[in-house]
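Trainee: In case it helps, the numbering used here puts the sequence shown at residues 42 to 370. Quick one: this structure, given as structure tokens, is what I'll be asking you about.
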Amino acid sequence: MIQIPNTLGIDVYARHFFSYHSVEELQARMAGGGMQPPLLHVGAGSNLLFTKDYEGTILHSEIRYIRLKAEDETHVTLAVGAGTCWDDLVAYCVSHGWQGIENLSLIPGEVGSAAVQNIGAYGVELADVLSSVEGVDLLTGHRHRWSRQECAYGYRDSLFKRPDMKHYALTEVCLRLCKRGTPNLSYRGLADALARSGQPCTLQAVRQAVIDLRRSKLPDPAKLGNAGSFFTNPVVPAAQAEALRQEYPDMPAFPAADGRVKLSGGWLIEQCGWKGRAVGDAAVYEKQALVLVNKGHATGEEIYRLSEEIVRSVDARFGIRLSREVNVF
Ligand code: EPU
Numbered sequence: 042m043i044q045i046p047n048t049l050g051i052d053v054y055a056r057h058f059f060s061y062h063s064v065e066e067l068q069a070r071m072a073g074g075g076m077q078p079p080l081l082h083v084g085a086g087s088n089l090l091f092t093k094d095y096e097g098t099i100l101h102s103e104i105r106y107i108r109l110k111a112e113d114e115t116h117v118t119l120a121v122g123a124g125t126c127w128d129d130l131v132a133y134c135v136s137h138g139w140q141g142i143e144n145l146s147l148i149p150g151e152v153g154s155a156a157v158q159n160i161g162a163y164g165v166e167l168a169d170v171l172s173s174v175e176g177v178d179l180l181t182g183h184r185h186r187w188s189r190q191e192c193a194y195g196y197r198d199s200l201f202k203r204p205d206m207k208h209y210a211l212t213e214v215c216l217r218l219c220k221r222g223t224p225n226l227s228y229r230g231l232a233d234a235l236a237r238s239g240q241p242c243t244l245q246a247v248r249q250a251v252i253d254l255r256r257s258k259l260p261d262p263a264k265l266g267n268a269g270s271f272f273t274n275p276v277v278p279a280a281q282a283e284a285l286r287q288e289y290p291d292m293p294a295f296p297a298a299d300g301r302v303k304l305s306g307g308w309l310i311e312q313c314g315w316k317g318r319a320v321g322d323a324a325v326y327e328k329q330a331l332v333l334v335n336k337g338h339a340t341g342e343e344i345y346r347l348s349e350e351i352v353r354s355v356d357a358r359f360g361i362r363l364s365r366e367v368n369v370f
């Protein structure tokens, strides 16, 4: 058995683990029939909760590169290997003056998983700059490329999250970034932080402000096990949000796609009294109620049970069923 890396710090094992460094290496292994099903492809384990050991094969991409694919007066297109560390890519782009992903600084994980879950923070989503992705069909070994439109991106959602797409492993992500773009300061807290820093609005200053904001609100997985936001923010019909707002005038609410309204999961959880509460070593982070943490030796089952309790109490009080952002196995 091989220990499965995961930022929640859960002690969990897989029967088989296969890391590959190129598409050809993956295809050759598949052709040789050397992988014990069921197969599960993982990134850095920053969005995973294992409640038990994994009896099949865990696959992990170590395809790491950043290549300049095309360039014109105003834009660059980059092709990036799926196993590249996401924040290394952000640092590289900022250092080259390529604008578009600086607001996504310091998000843990790798480029392939970032494209599966459409990571987002501080007013930017990966889908805003992604142009295409390439993957391998784990049933046939064939390569496939999808345009951004085909990826069906939404809030923390994509084509690749659908159950019938789980047999694809992403191998390359292409991004189109601006050479002289203006940073996106639409997230109020980021604009305020930058203003407070007194720095001119350079890409590097935005990156630093995002890093400082994240460090002040979110736990460092190297010190306290966590998987970032454990739940997504619920998106509800406008009428439901309005009814709640009558009752809770201070409730944060933001416009979302199709006239719907995005509520703050962290606020809902906090209102139910969960913020900072622990059940054994499974706990709700004291500074951000959307984040569950492992204070030491919590099992995956314990974290999962805590999340069930939270879902139940938010549902009972607000009539809203929170969805997990973290993938549970
Ligand atoms: N809030 C509370 N109590 C809490 C947490 C939040 O009342 O315990 C309220 C506050 O009013 C706050 C508002 O919720 O102003 C929004 O909070 P925050 O800006 O911290 O963001 P979030 O909605 O909780 C989302 C993403 C984060 C991302 C931040 C910043 C999701 C699921 N999470 O969190 O992404 O960093 O916005 O843009 O959309 C992640 O996905 O792992 C992640 C960390």
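Glycine included, every Cβ here is placed at the ideal spot set by N, Cα and C. Note that this is a predicted model, so its numbers are computed, not measured.
Taking VAL165 and ASN225 to be in contact with their CB atoms under 8 Å, please state how far apart those CB atoms are, rounded to whole angstroms.
Mentor: Rounded to the nearest angstrom, the Cβ distance from VAL165 to ASN225 is 6 Å, consistent with a contact under 8 Å.
Trainee: Would you please state the rounded distance, in angstroms, between the beta carbons of LEU90 and GLY341? I believe it to be under 8 Å.
Mentor: 5 Å
Trainee: Confirm, please, whether the CB-CB distance from GLN329 to LEU259 is below 8 Å.
Mentor: yes
Trainee: Given GLY182, which residues of its chain have a CB within under 6 Å of its CB, disregarding the five upstream and five downstream residues?
Mentor: GLN68 and MET71
Trainee: Give me the Cα-Cα distance between GLU350 and ILE99, rounded to the nearest whole angstrom.
Mentor: 29 Å
Trainee: Measure the alpha-carbon distance for GLU151 versus ALA357 and round it to whole angstroms.
Mentor: 36 Å
Trainee: Does the beta-carbon of HIS101 have 16 or more other beta-carbons within 10 angstroms, so that it is buried, or is it exposed?
Mentor: By the C-beta density criterion, HIS101 is buried, having at least 16 other C-beta atoms within 10 angstroms.
Trainee: Taking just the CA atoms, how far does THR125 sit from TYR106?
Mentor: 7 Å
Trainee: Between the stretch 263-283 and the stretch 58-65, do three or more beta carbon pairs fall short of 8 Å?
Mentor: no
Trainee: Output needed for PRO275: all residues of its chain with C-beta closer than 8 Å, excluding positions within five of it in sequence on either side, in chain order.
Mentor: The beta carbon of PRO275 sits closer than 8 Å to those of LYS303, LEU304, GLY306, LEU309, ILE361, ARG362, LEU363 and SER364, all from its chain and outside the five residues before and after it, given in chain order.
Trainee: Runs of 4 residues minimum, wholly inside the stretch 267-355: which ones carry the alpha helix (DSSP H) assignment?
Mentor: You should have 279-288 and 306-312.
Trainee: Is THR273 near the ligand EPU, in the sense that its beta carbon is under 7 Å from a heavy atom of that ligand?
Mentor: yes
Trainee: Hey, is GLU311 close to the ligand EPU, as in C-beta under 7 Å from one of its heavy atoms?
Mentor: Within the chosen limit of 7 Å, the ligand EPU reaches the beta carbon of GLU311 through at least one heavy atom.
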